[in-house]
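Residue numbers (the working numbering), protein chains in the order written: chain A, 1 to 152; chain B, 1001 to 1705. From the three backbone atoms N, C-alpha and C, an ideal C-beta is built for every residue, glycine too. Some notes on the structure that comes next.
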Amino acid sequence: MAENEALVPDPRREGEPHLGVIVGAELYGLPLSRLQEVARLTTMRRVPGSAPHVAGLVSLRGEIMCALDARTILGLPAAAQESPRFVVSLRDFDYPIGLVVDWVADIFHIDPATVEPPPSDWRDQRKACVTGAARVATRNVGLLDIDALVNR
Amino acid sequence: MDTSAFTAKFVEEARDRLKSLGNALVRLEEEPQSPAIIKDIFRDAHSLKGSAQMLGFTDISEIAHQLEELFIAAKRDASVVDARAFDLVFRSLDLITTRVEELAQGKTPPAGAAADPGTKPEQPARQARRAKGGQSLRVAVEKLDSLSHLAPEMVIQSLKASERHAELRRIEYSVARLRDRVRESRLAPPTRTRIAELGDYADSLEAISRRMRALVTSVSDDQAKLTLITEELRQHVIELTMLPVSTVFDTFPRAVRDLSRSFGKEVDLTMTGGSTELEKRVIEKVADPLVHLVRNAIDHGLEAPEERGKAGKPFAGSLALGAEQRGNRVHITVRDDGRGIDPAAIRATASRRGVATAADLEQWSDDRLFNLIFEPGFTTRTEVTDVSGRGVGMDVVRVAADALGGSVRVQSEIGRGTTVTLDLPLSLALVRVVLVEANDEVAAIPTAAIRRILPGAPASRAGTEEIEGESVTVASLSALLGHAPRPRQPEEASVVLIESRGNRYGIVVDAVLEEQELVFQELRGPLGDEVAIAGAALLGNGDIVPILDVQALAVRTAKVGPASETSMTSSQAGATGPGRVLVVEDSLVAAEMHRGILSDAGYLVGVAHDGVEAMELLARGDWNLVVTDVDMPRMNGIDLIVNMRLDSRLHHTPVIVISSRDSGDHRKRGFDAGADAYVFKGEFDQETVLKAVRLLIAGREGDRR
């Protein structure tokens, strides 16, 4: 998906629209209803002494916010410095907050009836951050629990 | 001379010209390269400019002049008038049309004499409807007028940018043509004529570089002017949201009357400085703390009439509310002539509550002790009254002051009274900071908390420094922020001496960059408690800079302590250059601009923010020249010159006044006071200013010899 593209679900499709994001080599889904904006991560200011799951400060449209690091939260090793990344700003919190992911994939629709518990072979951290798993094409997608991510 | 008859004529002519200009533009859009139409437009703009100039309608003539310039460029290269330029031209015509119609209605230039607010009573129905649409703000008409006056100036700047663009394109074309010719001649065998052509190329190149130089100068002037306009725009926008302190003060006469009755006290209330303006959001947040302070003063501070009588004081206690602007801050004071605060009582309470040992408390200064009354739950009163004395209230004051980026201070004398001062920023969003660098990262320290900056101060191994005869704990910023130890040591470091709530400490930074005014943004969310950051701001280049929390850093400095890893060398003696120039300017942006222009030209530049600071700097150092603004807080530019001329050492130091006021009267006042040159901001041109600086310094050196 191109950066800053409007997050518009396809009304003809069934199920709840999710934005696919890639963290490490894993594919996750974020419910569109909780997302504000997606942007390419340009400048980020690291904050020494901040909680480990905080990536740093980012600015979206002039608003400075704290951005969480999806890799750390999901128990994956830190990304290489140079790799391009994206920041997704989340809505419905008392303060502006973002989530740093490696890449942004397509929007897909998940029928709630098809959501299953996360596979038992997933890492504990991975299991703790999802509400469940669903199949998209051939891949098993973890549906991220946004509140659990932020309020951990 | 009565120009009304001429004005009517002008209006008539201008309407015709505008109509024909409008038509011609529409035709040009259909037939973009037509030289005939471009010529028509040029002629109309030119005539319009001439007539407007004659009648002194400078705003119209200035816009028409820029239009004329644009179409002179278009005569040579029609592609200059692209879609963007079209928009601009139409907008310019709209502006002129508005002005002409104002003239038709008998308004005189400048358009400042807008509608008298008194003649247009708001209709209640309309007001109600508007209130539904969200928050509204009442704004004085004059404030809006000064804002709207900037519109033509901005259009003029945009037109100029189009011209520069056109010139750049022409230069680009010349360069391309020259390149092609050189290429051709390289392919051909070298003959005598070919070699002779080299001379031609050199001439062409010379012409091109001349034009480039001229373009660089004009672009740099444009930039200077744009900076001034932007700064003015910013100031005006801030002013729009400013309200007088009286909005809060006016509620007090009644409240004080009620409170004094319920406490059985007699109170004389006086209020000063109610017209001092503060940003609306600051005013709103300061109202509650003020109520607490007033209640406290009446309940705790002022004695009952009989007690006052015994002490030989007038029966009625005096309570004074005051507001005063100091630079970009406002001091609000609540002063009573009551019994004062007894440091011994605070010591006793503090010792009982285990704040510190009695022996330690003996060593505390009164300032530090008084600060304790802002701690939650701290009260020296034994009985609890209905309204105050439960130890709630004073901590609310400090919390509110902190949230606003301000501070609160108590001065008291037993038997004489207590003064509480709230030191608040004029506006909430802007914070003046000094940018520093540590570990190759930039951080911002609020200027309000900085007492001094000591460049290259000598290091002390113990982590304490003797600064101003006081020993102060010093720690490096990298260590305070928890950076990894650096691989290399900076060659030179500076110590920023911070003062916050009576604590003094020093922070060692690798470099002190500059002072800036930034838009403060609060940071919330899961950052953690370990970050000593009060907020963040965006720099001009889009970088995020954290604004340090000087309170949290005070605590850490005490823990981290010695900056042993840092070695400092003593600062170098003042380098020599063409001269030392002191810029006196309260607007940071303008000061920064002047500083930039002068230091680019090789001058060593110092900056003072008002006349008082300038006199201090002048007394301490040797300055070759002073560049000063006129309107400044504390001591204005004219008074500064008068004071300098009274001082035998500064009597001969040349002064250039740069002012936004351009009347003969203002110029005269400047020269009468002893200024050597007077530059109008609207005509600011860096070449002229630099020339004046050069000549004045050279002249004065000549005198000395």
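Assignment of beta-bridge partners to Ser1478/B by DSSP yields no partner. Taking one beta carbon from each stretch, the segment 1184–1202 of chain B and the segment 1085–1099 of chain B have fewer than 3 pairs nearer than 8 Å; the two do not touch. Of the other Cβ atoms in all chains shown, 16 or more fall within 10 Å of the Cβ of Glu1303/B; this residue is therefore buried. Interface flag for Ala1536/B against chain A is set, since a Cβ pair is found closer than 9 Å. A distance below 7 Å between beta-carbons, with the five flanking residues on each side excluded, links Ala1078/B to the following residues of its chain, in chain order: Pro1032, Gln1033, Ile1038. Counting only runs that start and end inside the segment 1320–1356 of chain B, the alpha helix (DSSP H) elements of at least 4 residues fall at 1343–1352. Residue pairing of Thr1272/B in beta bridges, as defined by DSSP: Gly1322/B. A residue is called buried when at least 16 other Cβ atoms come within 10 angstroms of its Cβ; Asp106/A does not meet this threshold and is exposed.
Taking C-beta separations shorter than 8 Å and ignoring five residues to either side along the sequence, the partners of Gly29/A in its chain run His18, Leu19, Gly20, Val21, Phe108, Ile110, Ala134, Val136, Val141, Gly142, Leu143, Leu144, following chain order. With a minimum length of 3 residues, the unbroken runs of beta strand (DSSP E) contained wholly in the segment 4–77 of chain A fall at 16–23, 26–31, 35–40, 54–60, 63–69.
One thing to note: Gly1273/B has its Cβ within 9 Å of the Cβ of Val1245/B. Taken in chain order, the members of the segment 1500–1533 of chain B whose beta-carbon sits within less than 8 Å of a beta-carbon on chain A are Gln1521, Leu1523, Arg1524, Gly1525, Pro1526, Leu1527, Gly1528, Glu1530, Val1531, Ala1532, Ile1533. For the options Ser1599/B, Thr1421/B, Gly1406/B, Asp1402/B, the alpha carbon positioned closest to that of Phe1370/B is the one of Thr1421/B. Checking the DSSP bridge columns, you'll see Val1512/B partnered with Val1436/B. Interface residue (Cβ-Cβ distance to chain A less than 9 Å): Pro1546/B is classified as such. Among the residues of chain A, those whose CB is under 7 Å from the CB of His1483/B are Pro48, following chain order. The Cβ-Cβ distance between Leu99/A and Leu90/A falls below 9 Å. Contact annotation, Ile1498/B with Ala1448/B: C-beta distance approximately 10 Å; criterion of less than 8 Å not satisfied.
Within 10 angstroms of the beta-carbon of Arg1210/B lie fewer than 16 other beta-carbons, which makes it exposed.
Between Ile64/A and chain B, the shortest Cβ-Cβ separation is below 9 Å.
Looking at Glu1307/B, Glu1277/B, Ser1275/B, Ala1320/B, the one whose alpha-carbon comes closest to that of Arg1295/B is Ala1320/B. Ala1008/B carries a helical assignment under DSSP once its states are collapsed to helix, strand and coil. Three or more Cβ pairs drawn from the segment 1407–1426 of chain B and the segment 1332–1341 of chain B lie within less than 8 Å of each other, which places the two stretches in contact. Taking each of Lys1285/B, Ala1345/B, Gly1317/B in turn and checking the Cα distance to Ala1297/B, the smallest one comes out for Gly1317/B. The contact set of Gly1542/B on chain A, defined by CB atoms closer than 8 Å, consists of Thr42, Thr43, Ser59 in chain order.
Comparing C-alpha distances from Gln1551/B to each of Ala1140/B, Val1545/B, Gly1535/B, Asp1543/B shows the shortest one belongs to Gly1535/B. Pro84/A is not a Cβ neighbour of Gly15/A, given a cutoff of 9 Å. Note that the C-beta distance between Val1433/B and Gly49/A is not below 9 Å. The beta carbon of Asp94/A falls within 9 Å of a beta carbon belonging to chain B, placing the residue at that interface. For Val1627/B, the uninterrupted beta strand (DSSP E) segment begins and ends at 1625–1628. Non-local C-beta neighbours of Asp1510/B in its own chain, meaning closer than 7 Å and more than five positions away in sequence, comprise Glu1437, Ala1438, Pro1490, Ala1493, ordered along the chain. Taking one beta carbon from each stretch, the segment 52–68 of chain A and the segment 1511–1528 of chain B have 3 or more pairs nearer than 8 Å; the two touch. Per the DSSP secondary-structure output, Gln1521/B pairs in a beta bridge with Ala1536/B. Excluding five sequence positions before and after Val23/A, the CB atoms of its chain that fall closer than 7 Å to its own CB belong to Ala70, Arg71, Leu74, Leu76, Val101, Asp102, given in chain order. Under the three-pair Cβ rule at 8 Å, the segment 1630–1639 of chain B counts as touching the segment 1604–1613 of chain B.
Chain-ordered, the chain B residues with CB closer than 8 Å to the CB of Val54/A read Pro1526, Leu1527, Gly1528.
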